[in-house]
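Numbering (our numbering), first residue to last: 4 to 593. C-beta: ideal position from N, C-alpha, C; glycine also. For clarity, every value in this text was computed on a predicted model and none was experimentally measured. Heads up, the thing below is written out as structure tokens.
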Amino acid sequence: MRLKFKELSQCYFKLEKTQKKLEMVDILAETLSKASSEEIGKISLLTIGKIYPDFLGIELMLAEKMATKALAISTGKNEKNVAKIVEEVGDLGQTAQILLEKKSQSTLLSFTAQKEEKDYEIIDVWNILDSIAQTSGEGSSDKKIRILSGLISKASPLEARYIVRMVIGQLRLGVAIQLLLEALAKAKTGTRDKKNILERAYNITSDICFVSETLFKEGIEAVAEIKAQIMNPIKVMLAQRVSSAEELLERFDGKVSLEYKYDGLRVQLHKKGDKIKLFSRRPEDITKQFPDVIEFIHDAALKDNFIIEGEIVAYDSKKEKILPFQQVSQRKRKHDIEQKITEIPVRVYLFDALYADNKSILDEGYLKRREVLSNILKETESIKFSHQTIADNTDEIDSFFHHALENSCEGVMGKGVGEDSIYQAGARGWNWVKYKADYVDKLSDSFDLVILGAEFGKGKRAGKYGTFLLGCFDVEESIYQTFTRVATGFSDDDLAHFFEILKPLEREKPKEVLSDIDCSVWFDPKIVIEITGAEITKSQMHTCSRGYFDNENDGLALRFPRFTGKLVDDRPPEQATSNEEIRTIYLLKQ
Ligand code: AMP
Numbered sequence: 004m005r006l007k008f009k010e011l012s013q014c015y016f017k018l019e020k021t022q023k024k025l026e027m028v029d030i031l032a033e034t035l036s037k038a039s040s041e042e043i044g045k046i047s048l049l050t051i052g053k054i055y056p057d058f059l060g061i062e063l064m065l066a067e068k069m070a071t072k073a074l075a076i077s078t079g080k081n082e083k084n085v086a087k088i089v090e091e092v093g094d095l096g097q098t099a100q101i102l103l104e105k106k107s108q109s110t111l112l113s114f115t116a117q118k119e120e121k122d123y124e125i126i127d128v129w130n131i132l133d134s135i136a137q138t139s140g141e142g143s144s145d146k147k148i149r150i151l152s153g154l155i156s157k158a159s160p161l162e163a164r165y166i167v168r169m170v171i172g173q174l175r176l177g178v179a180i181q182l183l184l185e186a187l188a189k190a191k192t193g194t195r196d197k198k199n200i201l202e203r204a205y206n207i208t209s210d211i212c213f214v215s216e217t218l219f220k221e222g223i224e225a226v227a228e229i230k231a232q233i234m235n236p237i238k239v240m241l242a243q244r245v246s247s248a249e250e251l252l253e254r255f256d257g258k259v260s261l262e263y264k265y266d267g268l269r270v271q272l273h274k275k276g277d278k279i280k281l282f283s284r285r286p287e288d289i290t291k292q293f294p295d296v297i298e299f300i301h302d303a304a305l306k307d308n309f310i311i312e313g314e315i316v317a318y319d320s321k322k323e324k325i326l327p328f329q330q331v332s333q334r335k336r337k338h339d340i341e342q343k344i345t346e347i348p349v350r351v352y353l354f355d356a357l358y359a360d361n362k363s364i365l366d367e368g369y370l371k372r373r374e375v376l377s378n379i380l381k382e383t384e385s386i387k388f389s390h391q392t393i394a395d396n397t398d399e400i401d402s403f404f405h406h407a408l409e410n411s412c413e414g415v416m417g418k419g420v421g422e423d424s425i426y427q428a429g430a431r432g433w434n435w436v437k438y439k440a441d442y443v444d445k446l447s448d449s450f451d452l453v454i455l456g457a458e459f460g461k462g463k464r465a466g467k468y469g470t471f472l473l474g475c476f477d478v479e480e481s482i483y484q485t486f487t488r489v490a491t492g493f494s495d496d497d498l499a500h501f502f503e504i505l506k507p508l509e510r511e512k513p514k515e516v517l518s519d520i521d522c523s524v525w526f527d528p529k530i531v532i533e534i535t536g537a538e539i540t541k542s543q544m545h546t547c548s549r550g551y552f553d554n555e556n557d558g559l560a561l562r563f564p565r566f567t568g569k570l571v572d573d574r575p576p577e578q579a580t581s582n583e584e585i586r587t588i589y590l591l592k593q
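So, in structure tokens, the structure goes:
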């Protein structure tokens, strides 16, 4: 028996009503446990607001305007009236629910009208959403609206609440991937304990559909056996930070492999025969934006099948100079690609190999992987191996660090040299450490923070957001904690741009945000920006790292924050600076 979408909607409604994480896991696990192995992959995707894994690039995301139109058609209302209700209740999903309730009441009163509700299975809904996502080309907007209005008109009010939210990409259940993994573990094994096994498999495949189907078809043992596969992006490994050469050396017990830390775009390159794909660290498929890089790899490759990693930087070959991040960042655009290739030529510095000779080498030590890398490709004008050296004293580190800065790099990366220096997919561990120029100067640490809320500006900034509440990510709890409020460093253009990208993300205060500070507007925590600040101090106003100090009300706050001008849009919010990183810096500087 296939699960009904009604049951899933009821489960979602219960999830919305609680803030307690364990309770949410239980609620979700109960519904998931009733799913068949054919359904579970799609249910997992829907529950995190998707119909395919991100890296396949098939997105549902309909503009709110289009969904409003579809809702108006299916309820026989005027679009303006629908928009008015949305303004009152602040959410298109709830508006859909209200309008459908009204519609079914009037249907009950009219003897002639037939009851139109269809008892959707989850798979039916997924299929229809899929057809909306796959519709493209001329007239596709109208067609999408038609399909959606057909879906809504036969849905129950509660189902419509979630269908509409799904299509506009604002499901708002507060179910992050970590919570889903716990619920899947509980649903199938009875406890949350085996979540780590699921998490590992998810981190090396980026595919929750495949992982949950394997779990339901073949059990947790089969999930433990899942291996990295070419064309499935592996979640990128991230680095902790240190602020001195001494600390860097100490972290690696006196011997460390150093590399330049290039300020560019992280790229994971997958090659299978003649086919090459590039993934960003989100991970998104960025193959189309870099046809030049594809050519470079074809020219440099010595093997057929591999997964390697590196940094794409903008490069001026006449001056033999790496150009600032702002240059290469323009190469992410999806239009005028050919023009940008000539305007902003790039080069790739490779630093890791994750798969070679038909097997995953994630569990090999770093030096071994680096050796494999040098056998996979040859260096060319545009493909280089990252500058690297092994250091066992601080003089060597200082000297390499200064060379890195002279060569337009941000600093250095330190990597372990032992056999245990494996590639930790998706983790920000101590096997990789970053040591950047700005950490040396006590007054200018930089942080990648998530915009959580805002206040409107005054004077010539009226009507746009002027002050932003920013937060860090708590990896353990999967929540955002507040760390600072910033109003400095923004040009008028920045503020106009932020208004444009943040306006569609406005919503009620999200569950996953832990804040004592109130804001005029809250956002889906999605946008990451780079901030510098003068000093980290204890504060009872901010929730960053609250619970880690003697006084349980103390958190950490960044004083004199300033926007650096860098919108970190290749970084998902879960990869923002973590509360642990901030705590480490705070404690070091005491
Ligand atoms: P951060 O973004 O500050 O956490 O630092 C990690 C990022 O540095 C990675 O995601 C890469 O994009 C970038 N990076 C630049 N050079 C290297 C390198 N040699 N090894 C690893 N990552 C590097």
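Take the alpha-carbon of T580 and the one of Q543: they are about 20 Å apart. Under a 10 Å Cβ-count criterion, D401 is classified as exposed, with fewer than 16 other Cβ atoms of the shown protein chains found around its own Cβ.
Taking 8 Å as the cut-off, one finds at least one heavy atom of ligand 1 near enough to the beta carbon of S389. Of all alpha-carbon atoms in V531, N582 and Y358, the one lying nearest the alpha-carbon of G568 is that of V531.
Spanning the alpha carbons of G267 and A430 requires a straight line of approximately 20 Å.
With contacts defined by Cβ atoms closer than 9 Å, K514 and Q22 form a contacting pair. Contact between the region 384 to 399 and the region 344 to 362 is present, with at least three C-beta pairs closer than 8 Å. Relative to ligand 1, the nearest heavy atom lies less than 8 Å away from the CB of D266. DSSP places Q330 in the helix class (H, G or I) of the three-state scheme. Between ligand 1 and the CB of R164, the shortest heavy atom gap is not smaller than 8 Å.
With respect to the 9 Å criterion, L31 and A186 are classified as neighbours on the basis of their beta carbons. Boundaries cannot be given for I347, as no beta strand (DSSP E) includes it and DSSP labels it neither H nor E. Relative to the non-hydrogen atoms of ligand 1, the Cβ of E341 never comes closer than 8 Å to any of them.
S283 has its alpha-carbon roughly 17 Å from the corresponding atom of Y358.
In the three-state reduction of the DSSP assignment, L18 falls in the helix class. If you draw a straight line from the Cα of P507 to the Cα of K220, it is about 39 Å long. With 16 or more other CB atoms across the displayed protein chains lying within 10 angstroms of its CB, M169 is buried. Counting C-beta atoms within 10 angstroms of its own C-beta, D122 has fewer than 16 neighbours from the protein chains shown and is therefore classed as exposed.
Take I51, set aside five residues on each side of it, and the residues of its chain with a beta-carbon closer than 8 Å to its own are L174, V178, A179, I180, L183 and I211, in chain order.
R372 is the residue among G462, E250, R372 and K335 whose C-alpha sits nearest the C-alpha of I310. In this structure F566 is not in contact with G417, their Cβ atoms being roughly 28 Å apart against a cut-off of 8 Å. In summary, V92 is exposed, with fewer than 16 beta-carbon neighbours lying within 10 Å of its beta-carbon over all protein chains present.
Shown here for E67: same chain residues with a beta carbon closer than 7 Å to its own, the five before and five after excluded, namely L95, I171 and P507 in chain order. I223 is not a Cβ neighbour of K189, given a cutoff of 9 Å.
Nearest to Y55 by C-alpha distance, out of N235, R549, V375 and S411, is N235. Pairwise C-beta distances place the region 533 to 543 in contact with the region 554 to 565, as three or more of them are shorter than 8 Å.
Counting only residues of its own chain and dropping the five nearest sequence neighbours on each side, I364 has a CB closer than 7 Å to the CB of A356, L357, Y358, R372 and V375.
Using a cutoff of 8 Å, the CB of F354 counts as near ligand 1, since one of the ligand's heavy atoms is closer than that. If you compare the alpha carbons of E141, T98 and F213 with that of I166, the shortest gap goes to T98.
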